[in-house]
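Novice: Residues 715 to 1046 (the numbering used here) are what the sequence shown spells out, left to right. Supplied in structure tokens, the structure appears directly below.
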Amino acid sequence: MKRAYLERRCGRNMCWESNRGLASWYRNAAPVSKLGVATKMPLDLIDSVPALPARLASGHKGTFGRVLLVAGSWGMTGAAILAGRSALRSGAGLVYVATPECCVPLIAGGEPSYLTIPLPEVRPGVLQATASDVAFQATSGMNAVGIGPGLGQGAHVDTVVRGMYANCVAPGVVDADALNLLAQADCSNWSTHAAPRILTPHPGEFAKITGQTIEAIQSDRVGLAADFAAQHDVVIVLKGAGTVITDGTRYAINATGNSGLATGGSGDVLTGVITALLGQGMLPFEAARLGVHLHGLAGDLAARGLTEYGVIASDLPDCLPAAFRAHLDQTS
């Protein structure tokens, strides 16, 4: 573990040099950050990857986590299937997918191993106002929740998202449309959440959340992600080459993955992986760190046979078991 002192400021160029997880940042003094008063605080660089959660020989499906994914909409059912299948491939004992009623046949047909929960609609593709209550009730007894993949931004979806983010007592992963809806709703109090939250934005989504430009985000990925995480008591997974994982006091730079992961649906797979690890009892930062590593490793394994040109998101769940095996071999 290394100690890095970062000026918590933005607005200047920063150079990132990486060598399989070892990184250093060089930057000059700059104006006060838009996210808060500029400070100089220590961040621990975590260059190790956590071990996988234990698998008890006497365990049963309830032992290994009940997880709920609120995902999918008309035209984006594939996102829910990818997230659900990835959660299953990442060790979750029971996976539930809450999705608009019209989407249930397609999503249920996409993978027989998870359960589906229909969200009520006024008409196909348009949720009823009561959908928020149904989604929230579904969280009862869950060990982790993931919300956002392919959820869309239709009527009443924002109510579902806001209610889940603020009030769900299970730890949660927030991705994709859920992040966009919260940003559009001017959800200025990202700190209001009843349990730990892991936010997984790409730079464009993080720009909407913070009010920064994408250029500013990319020039200060660690600093701005750590600022936001510390201010709102969340874990940020800032996706992209060299994904940043931070809880505001420590950070990691992921070293796995390749350009083949730059494909539609890849982020939905990541949501499923991290949600499953949370559901198995891992702490939020550790679940995010390990999930990003395994997701990237699955992409590396897929690219060996398919090339980086040929990898698609549906290849990744099938490569997750081999990624888990490789990580077990390294940590055993």
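Glycine residues also receive a C-beta, built at the ideal position from the N, C-alpha and C atoms. As the structure is a prediction and not an experimental result, all values here were calculated from the model.
Once the 5 residues before and after H1007 are set aside, which same chain residues still bring their CB inside 7 Å of it?
Specialist: Locating residue 1007 in the sequence shown gives position 293, where the first residue counts as 1. Excluding residues up to 5 positions away in sequence, V763, N968, T970 lie with their Cβ nearer than 7 Å to the Cβ of H1007 in the same chain.
Novice: Below 8 Å on the Cβ atoms is my contact criterion, and I expect V874 with A852 to pass it. Report the Cβ-Cβ distance as a whole number of Å.
Specialist: Mapped onto the sequence shown, residue 874 falls at position 160. Mapped onto the sequence shown, residue 852 falls at position 138. Not confirmed; about 11 Å, so no contact.
Novice: Find the nearest neighbour of V983 within the set G798, F778, E815, H946, judged by alpha-carbon distance.
Specialist: Residue numbering aside, residue 983 sits at position 269 when the sequence shown is read from its first letter. Comparing Cα positions, the closest option is G798.
Novice: Identify the continuous alpha helix (DSSP H) that holds G1005 and give its terminal residues.
Specialist: Position 291 of the sequence shown, counting from 1, holds the residue named residue 1005. 998 to 1024 is the span of the alpha helix (DSSP H), which, as asked, contains G1005.
Novice: When DSSP labels each residue in this structure, what does T844 get in the three-state scheme?
Specialist: For this step, residue 844 is matched to residue 130 along the sequence shown. It is coil, neither helix nor strand.
Novice: Specify whether the segment 834 to 842 and the segment 772 to 785 touch according to this definition: at least 3 beta carbon pairs, one from each stretch, less than 8 Å apart.
Specialist: no
Novice: Can you tell me whether G979 is buried or exposed? The criterion is at least 16 other CB atoms within 10 Å of its CB, across all chains shown.
Specialist: The count along the sequence shown starts at 1 and reaches residue 979 at position 265. It counts as buried.
Novice: Have a look at the DSSP bridge pairing and note the partners of V763.
Specialist: Indexing the sequence shown from 1 puts residue 763 at position 49. DSSP output for V763 lists no bridge partner at all.
Novice: Ignoring anything shorter than 3 residues or poking outside the segment 775 to 831, list the beta strand (DSSP E) runs there in chain order.
Specialist: 780 to 784, 808 to 814
Novice: In three-state DSSP terms, what is G954?
Specialist: Locating residue 954 in the sequence shown gives position 240, counting from the first residue. In this structure, G954 counts as coil in the three-state DSSP scheme.
Novice: Measuring alpha carbon to alpha carbon, tell me which residue in K953, L808, G954, V818 is nearest G855.
Specialist: Within the sequence shown, numbered from 1, the residue matching residue 855 stands at position 141. Measuring from the Cα of G855, the nearest candidate turns out to be L808.
Novice: Around the C-beta of Y828, are 16 or more other C-beta atoms found within 10 angstroms, so that it is buried, or is it exposed?
Specialist: Residue numbering aside, residue 828 sits at position 114 when the sequence shown is read from its first letter. With 16 or more Cβ atoms within 10 Å of its Cβ, Y828 is classed as buried.
Novice: Considering R935, what are the terminal residues of the alpha helix (DSSP H) in which it resides?
Specialist: The sequence position of residue 935 within the sequence shown is 221, counting from 1. 935 to 946 is the extent of the alpha helix (DSSP H) around R935.
Novice: Decide if the segment 876 to 886 is in contact with the segment 804 to 824; the criterion is three or more beta carbon pairs, one per stretch, under 8 Å apart.
Specialist: no
Novice: Thinking A858 and V811 are a contact (beta carbons under 8 Å), I'd like their distance in whole angstroms, please.
Specialist: Working through the sequence shown from its first residue, we reach residue 858 at position 144. Working through the sequence shown from its first residue, we reach residue 811 at position 97. Not quite, the Cβ-Cβ distance comes to about 14 Å (not below 8 Å), so this is no contact.
Novice: If I'm right that P915 touches P998 with Cβ under 8 Å, what's the distance once you round it to whole angstroms?
Specialist: For the purposes of this step, residue 915 is taken as the residue at position 201 of the sequence shown. For the purposes of this step, residue 998 is taken as the residue at position 284 of the sequence shown. The C-beta distance from P915 to P998 rounds to 16 Å, too long to meet the 8 Å contact threshold.
Novice: So, using beta-carbon positions, are A822 and L833 closer together than 7 Å?
Specialist: Along the sequence shown, one-based indexing puts residue 822 at 108. Along the sequence shown, one-based indexing puts residue 833 at 119. In this structure, A822 lies away from L833, with their beta-carbon atoms at least 7 Å apart.
Novice: Within its chain, find whatever has a CB closer than 6 Å to the CB of W904; leave out the 5 residues flanking it on each side and keep chain order.
Specialist: Within the sequence shown, the letter at position 190 stands for residue 904. Result list for W904: H946, in chain order.
Novice: For the alpha helix (DSSP H) holding A921, just list the boundary residues, first then last.
Specialist: For the purposes of this step, residue 921 is taken as residue 207 along the sequence shown, with counting starting at 1. Per DSSP, the unbroken alpha helix (DSSP H) holding A921 starts and ends at 917 to 924.
Novice: Report the residue from Q994, A939, E919 whose alpha carbon sits nearest the alpha carbon of L757.
Specialist: To locate residue 757, count along the sequence shown from 1; it is residue 43. Among Q994, A939, E919, the Cα nearest to that of L757 belongs to A939.
Novice: On the three-state DSSP scale, how would you describe R876?
Specialist: For the purposes of this step, residue 876 is identified with residue 162 of the sequence shown, where counting begins at 1. In the three-state reduction of the DSSP assignment, R876 falls in the helix class.
Novice: Let me know if L1042 comes out buried or exposed under the rule of 16 or more other beta-carbons within 10 Å of its beta-carbon.
Specialist: Here residue 1042 is taken as the residue at index 328 of the sequence shown, counted from 1. Burial call: exposed.
Novice: Could you give the first and the last residue of the continuous beta strand (DSSP E) run that contains R769?
Specialist: On the sequence shown, position 55 is the one that residue 769 refers to. First-last for R769: undefined, no H or E at that position.
Novice: Going by beta carbon distance, what residues of the same chain come within less than 6 Å of A801, once the five residues before and after it are set aside?
Specialist: On the sequence shown, position 87 is the one that residue 801 refers to. V781, V809, G986, T989, A990.
Novice: Which residues in the same chain have their Cβ closer than 6 Å to the Cβ of S1028, if we skip the five residues on either side of it in sequence?
Specialist: The count along the sequence shown starts at 1 and reaches residue 1028 at position 314. There are no such residues.
Novice: Count the other C-beta atoms from every protein chain shown that fall within 10 angstroms of the C-beta of N881, then say buried if there are 16 or more, exposed otherwise.
Specialist: Translated into the one-based positions of the sequence shown, residue 881 becomes position 167. Under this definition N881 is an exposed residue.
Novice: What does DSSP give as the partner residues of E835 in its beta bridges?
Specialist: Residue 835 sits at position 121 when you count from the first residue of the sequence shown. Beta-bridge pairing links E835 to L841.
Novice: Count the other CB atoms, across all protein chains shown, that sit within 10 Å of the CB of Q994; report buried if there are 16 or more and exposed otherwise.
Specialist: As a position in the sequence shown, residue 994 is number 280, starting the count at 1. Q994 should be labelled buried.
Novice: So G971 is in the beta strand (DSSP E); what residue range does that whole segment cover?
Specialist: For the purposes of this step, residue 971 is identified with residue 257 of the sequence shown, where counting begins at 1. If you look at G971, you'll find it isn't in any beta strand (DSSP E); DSSP assigns it neither H nor E.
Novice: Can you list, in chain order, the residues of its chain whose CB lies under 8 Å from that of R1018, leaving out five sequence neighbours each side?
Specialist: Translated into positions along the sequence shown, residue 1018 becomes position 304. Closer than 8 Å at the Cβ level, and outside the excluded window around R1018, lies no residue.
Novice: Which same chain residues end up closer than 8 Å to G1013 when comparing Cβ atoms and leaving out the 5 residues on each side of it in sequence?
Specialist: To locate residue 1013, count along the sequence shown from 1; it is residue 299. Same-chain partners within the cutoff: T970, G971, N972, G974, L975, S980, V1025, L1030, C1033.
Novice: Can you tell me where the alpha helix (DSSP H) with L865 in it begins and where it stops?
Specialist: Taking the sequence shown and counting its residues from 1, one reaches residue 865 at position 151. Here L865 belongs to no alpha helix (DSSP H), and DSSP marks it neither H nor E.
Novice: Measure the C-alpha to C-alpha separation of D941 and A869 and round it to an integer number of angstroms.
Specialist: As a working note, residue 941 is residue 227 in the sequence shown. As a working note, residue 869 is residue 155 in the sequence shown. The alpha-carbon of D941 is positioned some 32 Å away from that of A869.
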